[in-house]
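Each residue of the sequence shown is one higher than the last, beginning at 765 in our numbering. Even for Gly, the Cβ is constructed at its ideal location relative to N, Cα and C. None of the values given here were measured: they were computed from a predicted structure.
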Amino acid sequence: MNKAIFSLKKVSKVFPGVKALDGVDLHLYPGQVTALIGENGAGKSTLVKTMTGIYQPDGGDIIFNGKPVQFHSPHDSHALGITAIHQETVLFDDLTVAENIFLGNYPMKKGLMTKHFSIDWSAMVSRSQDILSSINAHMDPNQILRELSIGQKHMVGIARALSVDAKVVILDEPTAALSHHEIHELYELVNTLKQQGKAILFITHKFDEIFALADRYTVFRDGCYVGEGFIKDTNEGQLVEMMVARSIAATYPKKDVEIGETLLEVCNLCHTTEFANISFSLKKGEILGVYGLVGSGRTEVMQALFGTTDHVTGTVKMNGKEVIIHSPKDAIENGIVYVPEERQKQGIVLELPIYQNISLPQMDRLAKHGNLDQKSEMSLARQYCERLQVKASCWEEKVMNLSGGNQQKVVIAKWLATNPKVIILDEPTKGIDIGSKAAVHEFMSELVDSGLAVIMVSSELPEIMGMSDRILVMNEGLIVSELSRADATPEKVVSLATGGHVTC
Ligand SMILES: Nc1ncnc2c1ncn2[C@@H]1O[C@H](COP(=O)(O)OP(=O)(O)OP(=O)(O)O)[C@@H](O)[C@H]1O
Ligand SMILES: [Mg+2]
């Protein structure tokens, strides 16, 4: 029988006020993919950090190749060939692709004249090129990271993990930021790693991925081990039940809402390089889905509407009146808010407590005689965070200590608390578990029911199909089609987004 190469037994990890892991077990096998499944805050990323020496466990055993091991730092686990692509990949925007791949592990050479070692830059570039080619990522190793898309940055993170001779590869929600096409390339990569005999841990909230890739599963709930088994012996219903211990209402609870008058009109919005001739309207009560591949210009259009992009021409009207949006302040004052895709960089201040993140956009409203009223801030935070089921020990907790999905919920809560008229959600349920996803969608339905209008940019087709009243499809900076809910099929939408023509 296949023996586990890497096991964790009865592992615990405690943070002040939270038992993130409570005696959990996990086993990884060579040549097999194990899916780790659990709700937001179940302890998955904490486990990954424990497996890679970032955190030291408070109890339990870590066993590698049959022998107990202790990791005092990430170097110790790296040395054994354990590599991870973390949920929030830490890469450096000002370094090159090659420097990011080999950071902390630069290839060295001995000088010709001296005995000193120095970085072997040409080896670093050529080895980076080899790794990037092996994962089908076509980019120049000398390019500065800042110039890449999120998806490409993710590929650099993967290349980094593969820069050592890995035996165990851990992927913590690797597809959350990737486009349809990039996801398929990643699947191929995982299958190649599997054939090479590597043991893989795959963390995802997407059930189609679990069934497409995994051989085994392990389920955690609230920091506790619930069970494990073979994927072939289970089904989605059973896994969801293990995960949440309750039944989930429909994931796409689209309500029939009365569509009101036109609220937002965008006319001929153009940007020098990113998009052109963008025209559309949005009515009260409507959810407008925007679908397109990464690089199609969808995010750039939304950022232009929120006033964070320069060099934009065209007109924007709210309630029939032209509005000038040169900054987020202009946008917020006109009732347009934007939940960005890159939550950690653009959505939250990690070092601040939850309640201060929530009150940030409306400090002037919450201040009394020039002083912030903490009571009002707290009550606002409580109201919206409870509504979105943010899991935290208290509202004074720093956002950096929340799980990835809960950080995303804080961003949404912050903008909803401003009482907007139009809310733009860019990948709203990225990294959000199935139960909370249903809650976010239900909330979207409630928002439009109360007269708001929603623009939802998403790479998740089921989400686009399930929640939109109308769908704009973008390709290469242009709106290539507008489909009604009744006319849209997944095939049509994907075909249009990839530049194909619809025949069906
Ligand atoms: N450094 C920390 N300090 C305090 N609490 C923490 C810290 N890191 C994680 N936690 C808490 O531990 C729990 C588990 O978090 P973890 O990030 O492991 O969840 P997760 O299963 O990865 O969730 P998600 O699906 O949202 O990524 C959460 O309640 C989180 O708030
Ligand atoms: Mg996580």
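Within the DSSP secondary-structure output, V833 pairs in a beta bridge with I826. D1190 counts as buried, since no fewer than 16 other beta carbons sit within 10 angstroms of its beta carbon. Secondary structure in the segment 1179 to 1257: the beta strand (DSSP E) runs of 3 residues or longer, each lying completely within the stretch, are 1186 to 1190, 1217 to 1221, 1234 to 1239 and 1242 to 1248 in chain order. Exposed is the label assigned to P780, since fewer than 16 other Cβ atoms lie within 10 Å of its Cβ. Annotation: the segment 854 to 937 contains the following complete segments of the beta strand (DSSP E) (minimum length 3 residues), in chain order: 872 to 874, 881 to 883 and 932 to 936.
A direct Cα-Cα distance of roughly 6 Å separates E1115 from M1164. A distance below 7 Å between beta-carbons, with the five flanking residues on each side excluded, links N1170 to the following residues of its chain, in chain order: N804, G805, V1154, K1155 and A1156.
A residue is called buried once 16 or more other Cβ atoms fall within 10 Å of its Cβ, and D858, having fewer, is exposed. Taking C-beta atoms as the reference points, E1240 and T1193 fail to come closer than 9 Å.
The shortest CA-to-CA distance from V1021 to any of M1231, I934 and V1101 is the one to M1231.
The alpha-carbon separation between G1049 and K1162 amounts to approximately 35 Å. With the rule of 3 Cβ pairs closer than 8 Å, the segment 943 to 962 counts as touching the segment 1051 to 1063. Sequence-distant Cβ neighbours of P1092 in its own chain, meaning closer than 7 Å and more than five residues away, are F1070, G1071 and T1072. Under the three-state reduction of DSSP output, D1128 falls in the helix class. Shown here, A843 sits in a helix according to DSSP, grouped into three states. Rounded to whole angstroms, G802 and L1180 show a C-alpha spacing of 26 Å. Taken atom to atom, the span from the alpha-carbon of P832 to that of I1122 is near 44 Å. S1143: member of the alpha helix (DSSP H) spanning Q1138 to R1151, first to last residue. Under the DSSP definition of a beta bridge, M1082 partners with L1028 and K1085. Between I1187 and V1218, the gap from beta carbon to beta carbon is short of 9 Å. Taking the CA atoms as reference points, M919 sits about 27 Å from K873. In the displayed model, T1063 falls within a helix according to three-state DSSP. Judged by beta-carbon spacing, G807 lies beyond the 9 Å limit of A963, meaning their Cβ atoms are not closer than that value. Its chain contains A768 and S771 as the residues whose beta carbon lies nearer than 6 Å to that of H791, once the 5 sequence neighbours on both sides are disregarded; these appear in chain order. Beta-carbon to beta-carbon, F966 and L977 are separated by about 6 Å, close enough to satisfy the 8 Å threshold. Partner residues in the beta bridge of I1042, as assigned by DSSP, are L1033.
Taking 8 Å as the cut-off, the C-beta of H969 counts as close to a heavy atom of ligand 1.
Relative to ligand 2, the beta carbon of G1168 is positioned inside 8 Å of a heavy atom.
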